[in-house]
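Participant: Once you've had a glance at the structure underneath, I'll fire off some questions.
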Amino acid sequence: MKVLNQLTTLKDQYPSITVALGTFDGVHIGHQKVISRSVELAKQLGGTSVVFTFSNHPLSIIAPERCPLQIITQDDKVELIEKLGVDILLNIPFTAEFLKLSASQFIHLLLDQLNPKHILIGPNYFFGYKRCGTPELLQIAGAQYGFTAEINPTVYVEDVMVSSTLIRQMIAAGQVNQAATLLGRPVTLKGRVIHGAKRGRLLGYPTINLGIASGLAIPQNGVYAVELIIQDKQYNGIANVGTNPTFHDVGRRLEVHILNFSGDLYGETVSVRFLNHIRSEQTFSNSDELKSQIAKDIVVAQQYYQI
Numbered sequence: 017m018k019v020l021n022q023l024t025t026l027k028d029q030y031p032s033i034t035v036a037l038g039t040f041d042g043v044h045i046g047h048q049k050v051i052s053r054s055v056e057l058a059k060q061l062g063g064t065s066v067v068f069t070f071s072n073h074p075l076s077i078i079a080p081e082r083c084p085l086q087i088i089t090q091d092d093k094v095e096l097i098e099k100l101g102v103d104i105l106l107n108i109p110f111t112a113e114f115l116k117l118s119a120s121q122f123i124h125l126l127l128d129q130l131n132p133k134h135i136l137i138g139p140n141y142f143f144g145y146k147r148c149g150t151p152e153l154l155q156i157a158g159a160q161y162g163f164t165a166e167i168n169p170t171v172y173v174e175d176v177m178v179s180s181t182l183i184r185q186m187i188a189a190g191q192v193n194q195a196a197t198l199l200g201r202p203v204t205l206k207g208r209v210i211h212g213a214k215r216g217r218l219l220g221y222p223t224i225n226l227g228i229a230s231g232l233a234i235p236q237n238g239v240y241a242v243e244l245i246i247q248d249k250q251y252n253g254i255a256n257v258g259t260n261p262t263f264h265d266v267g268r269r270l271e272v273h274i275l276n277f278s279g280d281l282y283g284e285t286v287s288v289r290f291l292n293h294i295r296s297e298q299t300f301s302n303s304d305e306l307k308s309q310i311a312k313d314i315v316v317a318q319q320y321y322q323i
């Protein structure tokens, strides 16, 4: 997949373009259907599939105080879109200048740069200044300018509408297994292993501490069954998200005990997949109580592991 970080004229080099439009923040199962349909149409036409999205959430410019937490990093977003078979990703910054484009100007920008044969969008896709461009307006423009605009239907899971907003709410509530159903994959945090207080080692349960990028949606404080990807190998573990109230620590952190693993991981990048919430964060009277509870947590976590 070719990744372009600025708007580029593609219509001359790629005369038969099918483009999927959207913020795609999370690349959840609804987003995947829009993108996959675009890829499918492009293959039928012998053309090129393009995803046109933004490298930052539009609200970061429109109303920064209302900008939501990211469900995934930009790197993960690119990787997930590539796995769907897309040929070209236009991952451009949403700027103050872009904000000022009217719906008509945005449509003409697409025509001038891409001249698409097909445009794929979700039912809640709006474009142009003050979101005045609607899916229906795009279909009307398509009839006028010679492209088809296909609106992918809303995706439901057990009568629940799939949305990035709902996924964020689920993550914030610790409902990581429900969020995984809507994402089509586990809630995952990726970070570099950093030095901690080494208390877990003294308890007999050594842990790694992960530095997580700011602005990401992190599950609520508590203990979780997790899978880890370390140097392309998969391990099981239990993760604690929180402030370690037993030891009066300050600031949230992600700490993971890896089962059946020994080794120095400082500086390594580790992916943590959240499988299920085990319990809320607790304060213990002493380290022996905490040690006993960790052993119980591991027993509970066993039922959620995939391997």
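Be aware that the sequence shown starts at 17, since it is given in the working numbering, and climbs by one per residue. Glycine included, every Cβ here is placed at the ideal spot set by N, Cα and C.
#1: By how many angstroms is the C-alpha of Phe110 removed from the C-alpha of Gln298?
#2: So Ile234 is in the beta strand (DSSP E); what residue range does that whole segment cover?
#3: Apply the 10 Å Cβ neighbour rule to Gly360 and answer buried if 16 or more other Cβ atoms are within range, or exposed otherwise.
#4: Spell out the partners DSSP gives Gly329 in its beta bridges.
#5: Indicate whether the contact test is met: 3 or more Cβ pairs, each with one atom in the stretch 179 to 191 and one in the stretch 273 to 287, closer than 8 Å.
#6: By Cβ distance below 6 Å, which residues in the same chain neighbour Glu271 in space, the five residues on each side in sequence not counted?
#7: How far does the beta strand (DSSP E) with Val239 in it reach, from first residue to last?
#8: Can you tell me whether Pro169 is buried or exposed? The criterion is at least 16 other CB atoms within 10 Å of its CB, across all chains shown.
#9: So is Gly207 buried or exposed if we call it buried at 16+ other beta carbons inside 10 Å?
#10: Tell me which residues share the same chain as Ser180 and place their Cβ nearer than 7 Å to its Cβ, disregarding the 5 neighbours each side in the sequence.
#11: Taking His273 as the reference, which of Gln236, Ala317, Ser303, Asp91 has the closest Cα?
#12: Taking 7 Å as the threshold (C-beta atoms), are Gly258 and Asn237 in contact?
Facilitator: According to the data block:
#1: Along the sequence shown, read from residue 1 onward, the residue named residue 298 stands at position 282. Along the sequence shown, read from residue 1 onward, the residue named residue 110 stands at position 94. Straight-line Cα distance between these residues: approximately 42 Å.
#2: Residue 234 sits at position 218 when you count from the first residue of the sequence shown. Premise fails: Ile234 is in no beta strand (DSSP E) and is neither H nor E.
#3: No answer is possible for residue 360: the residues shown for the chain start at 17 and end at 323.
#4: Past the boundaries of the shown model lies residue 329; the chain is included only from 17 to 323, so the question cannot be answered.
#5: Taking a cut-off of 8 Å for Cβ pairs, the stretch 179 to 191 and the stretch 273 to 287 do not touch, as fewer than three such pairs fall below it.
#6: Translated into positions along the sequence shown, residue 271 becomes position 255. Same-chain partners within the cutoff: Thr223, Asn225, Asn256.
#7: Start at 1 with the first residue of the sequence shown, and residue 239 comes out as number 223. Run containing Val239: 238 to 246, per the beta strand (DSSP E) assignment.
#8: Numbered from 1 along the sequence shown, position 153 holds the residue referred to as residue 169. Only exposed fits Pro169, as fewer than 16 other CB atoms lie within 10 angstroms of its CB.
#9: Sequence index remark: in the sequence shown, residue 207 carries index 191 (1-based). So Gly207 ends up on the buried side.
#10: Taking the sequence shown and counting its residues from 1, one reaches residue 180 at position 164. If we look at Ser180 and ignore the five residues flanking it on each side, its Cβ neighbours are Asp41, Gly42, His44, Ile87.
#11: As a working mapping, residue 273 is identified with position 257 in the sequence shown. It is Ala317 whose Cα lies nearest to the Cα of His273.
#12: Looking up residue 237 in the sequence shown gives position 221. Looking up residue 258 in the sequence shown gives position 242. Yes, these two residues count as a Cβ contact at 7 Å.
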